[in-house]
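All the letters of the sequence shown, read from the start, carry residue numbers 1419 to 1810 under this note's numbering.
So the structure is just underneath, and the comments pick up after that.
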Amino acid sequence: MFTAFLIKYAEIGIKGKNRYLFEDALVHQIRNALKKCEGEFSIHKSQGRIHVEAAGEFDAEETVERLKKVFGISGICPVVYAEDEGFGKLCDTVVGYIGRVYPDRNKTFKVHARRARKDYPKESMEINADLGEAVLRAYPEMSVDVHEPDILLNIEIRDKIYIYSETIPGPGGMPVGTGGKAMLLLSGGIDSPVAGYMIAKRGVKLDAVYFHAPPYTSDRAKAKVVDLARIVAGYTGPIWLHVINFTDIQLYIYEKCPHEELTIIMRRYMMRIAEHIAEETGCLGLITGESIGQVASQTMSSLAATNEVCTLPVYRPLIGFDKKEIVEVSEKIGTFETSILPYEDCCTIFVAKHPVTKPNVKVIRRHERNLEEKIEELVKTALETKELIVVE
């Protein structure tokens, strides 16, 4: 019975004179999200709301699922439109709506009218009372509860009259693209896809870089990362995934540097390479899934040593999360089951038995001098041979 959705947003509503830019961005993201849905849709904005109307047959379930992944949407309301043909006609429409949507009518309800069009002849409180009376007359088994009703019947009087009683939660946040672009260091683990999701929720478009180490990591490990990028792309739109062959760099570090410092030095070169790609592609920062103290390379000292090679800001949205909290988000967004597949990435293959937890940056720099003979050439080769995968 529903052929349209009323889209609500929250944070966008406080944007002042720039609000229209965020509304336009949200309309654009909704349009992109619904491109692959069955059916044709008209999407437009009006008076602090966005409307999605189906022009013919469509898959309502698929449409809602796609809208639930559009950052910026706080609520999705399946609506019935009523033309302004007099209050008696509105009463009939509302009574018919209750009858179709709620076959079991042993429920409490409340009418909540919002009169955005001030020339309407009845005030909101009067509409509430009169529509409530009409519903009770038609369905005496129902009763009114103004505090915790089973059914909150919303009536919005605008250019048309909108009737809805369900608000499906959206993801919130800001439309992707309104916050610039950043480069995600994406691995096959649990944390980095969650970090990308959280930064994208603030309106940031994502590119990603993955460090591959064949033959120590298999093609299935790479395919796993592509799958994770595809799940995240369901929320963010297409992700440009840059795949770097990191094997020769890792082996050279393994040969020339103390093994307890392997992880830190490797991470420093990953950050250097990621920043190089980020600057070439117009990214304004790097994103990692690091959380303080989770592993040896994520102590405060280790993070400081890693950060030291970067000039771009490094965003770590999980910095204060524990593992349980990160897992909960990964389960919510659908990345967890893929992340735990047993295909190791390059970070786990070359972990030392006793990695340093409090690295001294001066010492790390000194040991990196052992790499001077070949490291620049290896980094250049890695960048020149990188693979680009556009993940949708």
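All C-beta atoms, glycine included, are put in the ideal place defined by N, C-alpha and C.
Rounding to the nearest angstrom, what Cα-Cα distance links residue i and residue j in this structure?
| i | j | result |
| --- | --- | --- |
| G1506 | V1622 | 48 Å |
| L1669 | M1688 | 14 Å |
| A1556 | V1513 | 7 Å |
| S1561 | R1576 | 28 Å |
| V1809 | L1801 | 20 Å |
| K1578 | D1502 | 7 Å |
| G1492 | T1421 | Residue identity check: residue 1492 is Ser in the sequence provided, not Gly. So the alpha carbons of these two residues sit roughly 20 Å apart. |
| G1466 | V1497 | 16 Å |
| P1518 | C1455 | Checking the displayed sequence, the identity of residue 1518 turns out to be Arg instead of Pro. About 26 Å. |
| K1426 | I1494 | 6 Å |
| K1780 | G1595 | 39 Å |
| K1540 | A1552 | 15 Å |
| L1704 | T1753 | 21 Å |
| E1786 | V1727 | 12 Å |
| H1462 | Y1438 | 12 Å |
| G1738 | T1799 | 36 Å |
| K1398 | I1671 | Since the first and last residues shown for the chain are 1419 and 1810, residue 1398 lies out of range. |
| S1583 | K1750 | 25 Å |
| K1435 | A1696 | 31 Å |
| D1645 | V1612 | 14 Å |
| M1592 | D1442 | 12 Å |
| E1795 | D1666 | 11 Å |
| L1832 | K1804 | With the chain covering 1419 to 1810 only, the question about residue 1832 has no answer from this structure. |
| E1544 | L1444 | 35 Å |
| D1548 | Y1538 | 14 Å |
| K1874 | I1807 | As shown, the chain starts at 1419 and ends at 1810. That puts residue 1874 outside it, with no answer to give. |
| R1620 | G1598 | 10 Å |
| N1663 | E1743 | 32 Å |
| G1711 | Y1499 | 54 Å |
| A1693 | Y1634 | First, the amino acid is wrong: residue 1693 is Glu here, not Ala. Roughly 24 Å separates the two Cα atoms. |
| S1464 | L1680 | 57 Å |
| V1732 | E1755 | 27 Å |
| L1554 | L1571 | 13 Å |
| T1699 | L1659 | 12 Å |
| G1588 | R1484 | 10 Å |
| D1522 | E1746 | 35 Å |
| A1722 | R1638 | 33 Å |
| A1428 | V1713 | 37 Å |
| S1748 | N1546 | 42 Å |
| L1602 | V1797 | 19 Å |
| C1509 | H1446 | 36 Å |
| E1790 | N1778 | 19 Å |
Could you check whether residue j and residue i sit closer than 8 Å to each other, using their CB atoms as the reference points?
| i | j | result |
| --- | --- | --- |
| L1730 | G1707 | no |
| V1643 | G1590 | no |
| Y1653 | Y1615 | yes |
| K1776 | S1719 | yes |
| Y1761 | S1636 | yes |
| K1433 | F1440 | yes |
| I1691 | I1782 | no |
| L1604 | A1647 | yes |
| D1563 | T1526 | yes |
| G1550 | V1529 | yes |
| S1542 | R1535 | no |
| R1686 | T1717 | no |
| I1569 | Y1520 | yes |
| G1655 | N1450 | yes |
Our contact map puts residue i next to residue j with C-beta atoms below 8 Å; I'd like the distance itself, whole angstroms only.
| i | j | result |
| --- | --- | --- |
| D1625 | I1657 | 7 Å |
| A1472 | F1459 | 6 Å |
| I1468 | A1531 | Wrong, their Cβ atoms sit about 21 Å apart, outside the cutoff. |
| V1470 | I1448 | 6 Å |
| I1586 | K1453 | Contact doesn't hold; Cβ gap of about 20 Å is too wide. |
| I1608 | S1757 | 4 Å |
| P1676 | S1715 | That pair is no contact at about 15 Å. |
| N1524 | E1559 | 5 Å |
| V1661 | K1674 | V1661 to K1674, Cβ: 25 Å. No contact. |
| A1600 | C1701 | 5 Å |
| I1409 | T1511 | Here the chain covers residues 1419 to 1810 and nothing more, so residue 1409 does not appear. |
| G1457 | E1479 | Between E1479 and G1457 the Cβ distance is about 12 Å, and since that is not below 8 Å, they are no contact. |
Flag residue i as yes when its Cβ comes closer than 7 Å to any non-hydrogen atom of the ligand SAH, and as no otherwise.
| i | result |
| --- | --- |
| G1490 | The ligand SAH is not part of this structure, which contains no ligands at all. |
**OP:** Tell me the start and end of each unbroken alpha helix (DSSP H) in the segment 1463–1529 that is at least 4 residues and wholly inside, in chain order.
**Re:** Fully enclosed alpha helix (DSSP H) runs of 4 or longer: 1478–1485, 1505–1519.
Original post:
Taking the runs of the alpha helix (DSSP H) that are 4 residues or longer, which of them lie wholly in the segment 1611–1674?
Top reply: DSSP runs (the alpha helix (DSSP H)) wholly in the segment 1611–1674: 1637–1654, 1665–1674.
Subject >> Ordered list of alpha helix (DSSP H) runs contained in the segment 1680–1705, each at least 4 residues >> reply: Counting only runs that start and end inside the segment 1680–1705, the alpha helix (DSSP H) elements of at least 4 residues fall at 1680–1698.
**OP:** Tell me the start and end of each unbroken alpha helix (DSSP H) in the segment 1721–1782 that is at least 4 residues and wholly inside, in chain order.
**Re:** As far as the segment 1721–1782 is concerned, its whole alpha helix (DSSP H) runs of at least 4 residues are 1741–1751, 1754–1757, 1764–1767.
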